[in-house]
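2 protein chains.
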Amino acid sequence: MTRNSSWLLKRYPTGMPGPDDFLLEDLPAPAAGPGELLVRTLWLSVDPYMRGRISPAKNYAAGLKIGDVMRGGGVGEVLQSESPGFKAGDIVQADDFGWQPMTVISGKTAMALDPAAAPVQASLGCLGMPGLTAYFSLLDVGSPKEGETVLISAASGAVGQIAGQIARIRKLDPVAVAGSDAKLAWCRSIGYRAGVNHRTAADLADAVAAACPQGVDVFIDNTAGPIHDAAMSSLNLFGRVVIVGTVALADRFGQPDLGLRHLRRILVTRARIQGFLLDDFVQSYVAARAQLLAWYRQGLLETREDISSGIDTAPHAFIRMLKGENFGKQLVKL
Amino acid sequence: MTRNSSWLLKRYPTGMPGPDDFLLEDLPAPAAGPGELLVRTLWLSVDPYMRGRISPAKNYAAGLKIGDVMRGGGVGEVLQSESPGFKAGDIVQADDFGWQPMTVISGKTAMALDPAAAPVQASLGCLGMPGLTAYFSLLDVGSPKEGETVLISAASGAVGQIAGQIARIRKLDPVAVAGSDAKLAWCRSIGYRAGVNHRTAADLADAVAAACPQGVDVFIDNTAGPIHDAAMSSLNLFGRVVIVGTVALADRFGQPDLGLRHLRRILVTRARIQGFLLDDFVQSYVAARAQLLAWYRQGLLETREDISSGIDTAPHAFIRMLKGENFGKQLVKL
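So the sequences go chain by chain: A and B. The opening residue of the first sequence carries number 1 in my numbering; numbering runs sequentially from there. The opening residue of the second sequence carries number 335 in my numbering; numbering runs sequentially from there.
The structure is reproduced here in structure tokens:
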């Protein structure tokens, strides 16, 4: 039997997930059924939405059951294809990779990659889910007009780093919120005009106001929590707030989030707050991917990855990403 | 000197306004300057937005200073016109009536009424600001589709009673939230399908869920507070929440509202929360007024007024409206 060290969900975390919520087990190598691909995992992606998947609470992402193999985005090499569109040796990206060296994915949602076009792991970052999320959340839901100030939380993360650069390309005025001065320095180097360190600011609302002297027109909210409150206090008339992620709530998932409410401010500013889910834009993926790839090949999109090595490190990589300890798109390389 | 008993703002209320926040003084009868009209007040309107006007907090309505005559919507008869479009004897409606028997208003924003078309005070209700608010908040911002469930708070109030009937006319499924069984019975009689009594429900979220078995597609939020929370817990995918008023916060104006936050739910449902201010729709007033008048004359819009008599009662009428003790559009008849 081939050794296939696989991470299982041991229990639903009640607060911030910890290493003990996961269990590493040697499973038999899986076999591809009709329409499936057996794949050797090269890269795994850990993303904030996966916090919702390991919760019994109703969510948009299909939930995992206790004892299931952890699943998420990945890139791998096809070892055996039972799906007509693929053959052994193909490099593919999909959203249903198990956290394991050999995994079986569906041929229906897998996408073949051209390793000559871009590093294959870019399909998990700027050319994949995070890049598309940045693209549609900013340009479609955010409806920005040239010159408007766009505040972006988790600004150096997988989504934020692309959103900030798209804002720069589209002649907007991007302002970063991130958790360290090093992250903010890098954000400035890729085109953010200013930045706020949410861990060291004496008063977060004052810091956002100082960084956004014209106020905030569009807020790409990847975090919720106190950063949301600070942004709301600088929101301009007819401001648009796109709720892309709630990673600041990762430690209290499924429990009520109590705090300041902003309905009066929403009324007075006639703000629009809108929830975002990438799946709703599937009809436009092809065009958006082509635009992102064009920008990437023109050198207009820089990317930064934070790479963790080996299947053993997958839970650690996931947890540090939830805590904001990563610097750039968090990946696991096998 | 003609006696002109006028209500002045004595101080900014810190919580729910009380009678002692206002002062009745005999002022000299005012005189109309160029472009102005001297008017004998027939009706005064008290509306939730006026809570914001007697606060030092930044707001959309121009604030009053301590000692100013209280101002709001009214209907009156022109005694003297210094504005070319009006003459003595005209019946006019405007938003800048003083709380006084004789008042001076601007000819620029006054509107002449045809007493034969509808009772003149309808210009303060179904054919005026509240009716237009119901019209645009539901049909424009709410973007309802036929058959969708529309939950409306303060459902028998000035805005709610019209919103519910427009929803009925447009073949939506209107559900009322109001503060007494008598109000809910009347709401059903004008076309609401079901209702929730927010003062007696054991669990407000459960009561909303039971009244909206298909969930809530559009929520016309006239109150904020716990009713907002209950509506959010039944909100459907792609639900629309229109923040029209925050009367439940009248007792804590300018102070933070603390409680449940719904960002996770907004994300998961891809809800859209949007602040509403009638002024933004001024370009479309003429068409909307014509539609409301047509429905009114066809007998499709019933109205209910709660009338307080005499200038002495103006603060009392205002305060009971803020507390939800009125039943129907609150007016003061002089």
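Ideal Cβ placement from N, Cα and C applies to all residues, glycine included. This structure is a prediction, so every number in the text was calculated from the model and none was measured.
What would DSSP say about P590 of chain B, mapped onto helix, strand or coil? In the second sequence, the residue the question calls residue 590 of chain B occupies position 256. In this structure, P590 of chain B counts as coil in the three-state DSSP scheme.
Where E325 of chain A and D47 of chain A are concerned, what is the direct C-alpha to C-alpha distance, given to the nearest angstrom? Locating residue 325 of chain A in the first sequence gives position 325, counting from the first residue. Locating residue 47 of chain A in the first sequence gives position 47, counting from the first residue. Straight-line Cα distance between these residues: approximately 13 Å.
For S308 of chain A, does the three-state DSSP call read helix, strand or coil? As a working note, residue 308 of chain A is residue 308 in the first sequence. Here S308 of chain A sits in strand by DSSP.
Closer than 9 Å by beta-carbon distance: list the chain B residues that pair up with Q274 of chain A, in chain order. Numbered from its first residue, the first sequence carries residue 274 of chain A at position 274. Per Cβ cutoff of 9 Å: I600, R604, A605, R606, I607 and Q608.
Identify the contact partners of T637 of chain B in chain A, using a Cβ-Cβ distance below 9 Å as the criterion. Stepping through the second sequence from its first residue, residue 637 of chain B is reached at position 303. Simply none; closest approach about 25 Å.
For K517 of chain B, count the other beta carbons within 10 Å of its own beta carbon; 16 or more makes it buried, fewer makes it exposed. Which is it? Here residue 517 of chain B refers to the residue found at position 183 when the second sequence is read from its first residue. Counting Cβ neighbours within 10 Å, K517 of chain B comes out buried, since at least 16 surround it.
Nearest CA to the CA of M445 of chain B: which residue from B:S471, B:A468 and B:P418? Counted from its first residue, the second sequence places residue 445 of chain B at position 111. The shortest Cα separation from M445 of chain B among B:S471, B:A468 and B:P418 belongs to B:P418.
Are the C-beta of P84 of chain A and some C-beta of chain B separated by less than 9 Å? Counting from one through the first sequence, the residue named residue 84 of chain A turns up at place 84. P84 of chain A does not count as touching chain B.
Assuming L138 of chain A and I166 of chain A are in contact, meaning their beta carbons sit under 8 Å apart, how far apart are those beta carbons, in whole angstroms? For the purposes of this step, residue 138 of chain A is taken as the residue at position 138 of the first sequence. For the purposes of this step, residue 166 of chain A is taken as the residue at position 166 of the first sequence. With 8 Å as the limit, L138 of chain A and I166 of chain A qualify as a contact, their Cβ atoms being about 6 Å apart.
Proximal residues, the region 567 to 601 of chain B versus chain A, C-beta separation under 7 Å: I577, T580, L583, P590, D591, L592, G593, L594, R595, L597, R598, I600 and L601
From A88 of chain A to G245 of chain A, what does the alpha carbon distance come to, in whole angstroms? Numbered from its first residue, the first sequence carries residue 88 of chain A at position 88. Numbered from its first residue, the first sequence carries residue 245 of chain A at position 245. Between A88 of chain A and G245 of chain A, the C-alpha separation is close to 36 Å.
Are I577 of chain B and D555 of chain B close, meaning C-beta to C-beta below 9 Å? Taking the second sequence and counting its residues from 1, the one referred to as residue 577 of chain B is at position 243. Taking the second sequence and counting its residues from 1, the one referred to as residue 555 of chain B is at position 221. Contact flag set, yes.
Can you tell me whether DSSP reads W43 of chain A as helix, strand or coil? In the first sequence, residue 43 of chain A corresponds to position 43, counting from 1. In this structure, W43 of chain A counts as strand in the three-state DSSP scheme.
Where K517 of chain B falls: helix, strand or coil (DSSP): For this step, residue 517 of chain B is matched to residue 183 along the second sequence. Reduced to three states, the DSSP call for K517 of chain B is helix.
Whole alpha helix (DSSP H) elements within the region 482 to 534 of chain B, 4-residue minimum: 492 to 503 and 515 to 523
Rounding to the nearest angstrom, what Cα-Cα distance links Y285 of chain A and L132 of chain A in this structure? As a first step, residue 285 of chain A is located in the first sequence; it is residue number 285 there, counting from the start. As a first step, residue 132 of chain A is located in the first sequence; it is residue number 132 there, counting from the start. Their Cα atoms are separated by approximately 7 Å.
Which class does L348 of chain A belong to by DSSP, given the choice of helix, strand or coil? Absent from the structure is residue 348 of chain A, since the part of chain A shown begins at 1 and ends at 334.
Once the 5 residues before and after I400 of chain B are set aside, which same chain residues still bring their CB inside 8 Å of it? Residue 400 of chain B sits at position 66 when you count from the first residue of the second sequence. Closer than 8 Å at Cβ, skipping near neighbours: L343, K344, R345 and Y346.
Verify whether the separation of the beta carbon atoms of K663 of chain B and T637 of chain B is less than 9 Å. Locating residue 663 of chain B in the second sequence gives position 329, counting from the first residue. Locating residue 637 of chain B in the second sequence gives position 303, counting from the first residue. Closer than 9 Å, so yes.
Please report the distance separating the alpha-carbon of L538 of chain B from that of I561 of chain B. Mapped onto the second sequence, residue 538 of chain B falls at position 204. Mapped onto the second sequence, residue 561 of chain B falls at position 227. Approximately 7 Å between the Cα atoms of the pair.
So, is S45 of chain A buried or exposed, given that buried needs 16 or more other C-beta atoms within 10 angstroms? Taking the first residue of the first sequence as position 1, residue 45 of chain A is located at position 45. Buried, because 16 or more other Cβ atoms sit within 10 Å of the Cβ of S45 of chain A.
In chain order, what residues of the same chain lie with their CB nearer than 7 Å to the CB of F483 of chain B, ignoring the 5 residues before and after it? As a position in the second sequence, residue 483 of chain B is number 149, starting the count at 1. For the sequence presented, residue 483 of chain B should be read as Thr rather than Phe. Taken in chain order, the residues that qualify are D507, V509, C546, Q548, G549, V550 and D551.
Is the beta carbon of A207 of chain A closer than 9 Å to that of T223 of chain A? On the first sequence, position 223 is the one that residue 223 of chain A refers to. On the first sequence, position 207 is the one that residue 207 of chain A refers to. No; because the gap between Cβ atoms is not below 9 Å, this pair is not in contact.
Count the other CB atoms within 10 Å of the CB of P364 of chain B; is the residue buried (16 or more) or exposed (fewer)? Along the second sequence, read from residue 1 onward, the residue named residue 364 of chain B stands at position 30. With 16 or more Cβ atoms within 10 Å of its Cβ, P364 of chain B is classed as buried.
With a cut-off of 8 Å on the beta carbons, I'd call P449 of chain B and R374 of chain B a contact; round off their distance for me. As a first step, residue 449 of chain B is located in the second sequence; it is residue number 115 there, counting from the start. As a first step, residue 374 of chain B is located in the second sequence; it is residue number 40 there, counting from the start. That belief does not hold up - the Cβ atoms of P449 of chain B and R374 of chain B are roughly 15 Å apart, past 8 Å.
Determine the DSSP secondary structure at F22 of chain A, reduced to helix, strand or coil. Working through the first sequence from its first residue, we reach residue 22 of chain A at position 22. Here F22 of chain A sits in strand by DSSP.
Closer than 8 Å, Cβ to any Cβ of chain B: which residues of the region 212 to 233 of chain A, in chain order? D221, A224 and H228
Which word fits L592 of chain B, buried or exposed, when buried means at least 16 other C-beta atoms lie within 10 angstroms of its C-beta? What you label residue 592 of chain B is simply residue 258 of the second sequence in a count that begins at 1. It is exposed - the Cβ of L592 of chain B has fewer than 16 other Cβ atoms within 10 Å.
F136 of chain A versus A:G52, A:D181 and A:L292, residue with shortest Cα-Cα distance: Position 136 of the first sequence holds residue 136 of chain A. Minimum Cα distance to F136 of chain A is reached at A:L292.
Compare the beta carbon distance of S339 of chain B and I645 of chain B with 9 Å and say whether it is the shorter of the two. In the second sequence, the residue the question calls residue 339 of chain B occupies position 5. In the second sequence, the residue the question calls residue 645 of chain B occupies position 311. Yes; because the gap between Cβ atoms is below 9 Å, this pair is in contact.
Residues of the region 610 to 621 of chain B with Cβ closer than 8 Å to any Cβ of chain A, in chain order: F610, L611 and D614
Could you give the distance in angstroms between the alpha-carbon of I319 of chain A and the alpha-carbon of G18 of chain A? As a position in the first sequence, residue 319 of chain A is number 319, starting the count at 1. As a position in the first sequence, residue 18 of chain A is number 18, starting the count at 1. Whole-angstrom Cα-Cα distance: 7 Å.
Using 10 angstroms around the beta-carbon of G35 of chain A, count the other beta-carbons present and answer buried if the total reaches 16, otherwise exposed. By 1-based counting over the first sequence, the position of residue 35 of chain A is 35. The residue in question, G35 of chain A, is exposed, as its Cβ has fewer than 16 Cβ neighbours within 10 Å.
Does the separation of the CB atoms of L37 of chain A and I105 of chain A fall below 9 Å? Position 37 of the first sequence, counting from 1, holds the residue named residue 37 of chain A. Position 105 of the first sequence, counting from 1, holds the residue named residue 105 of chain A. For L37 of chain A and I105 of chain A, yes; Cβs fall inside 9 Å.
Do G559 of chain B and S389 of chain B have their C-beta atoms within less than 9 Å of each other? Taking the second sequence and counting its residues from 1, one reaches residue 559 of chain B at position 225. Taking the second sequence and counting its residues from 1, one reaches residue 389 of chain B at position 55. Not closer than 9 Å, so no.
Between the Cα of M384 of chain B and those of B:L668, B:L656 and B:G459, spot the shortest distance and give me the residue it belongs to. The count along the second sequence starts at 1 and reaches residue 384 of chain B at position 50. Among B:L668, B:L656 and B:G459, the Cα nearest to that of M384 of chain B is on B:L656.
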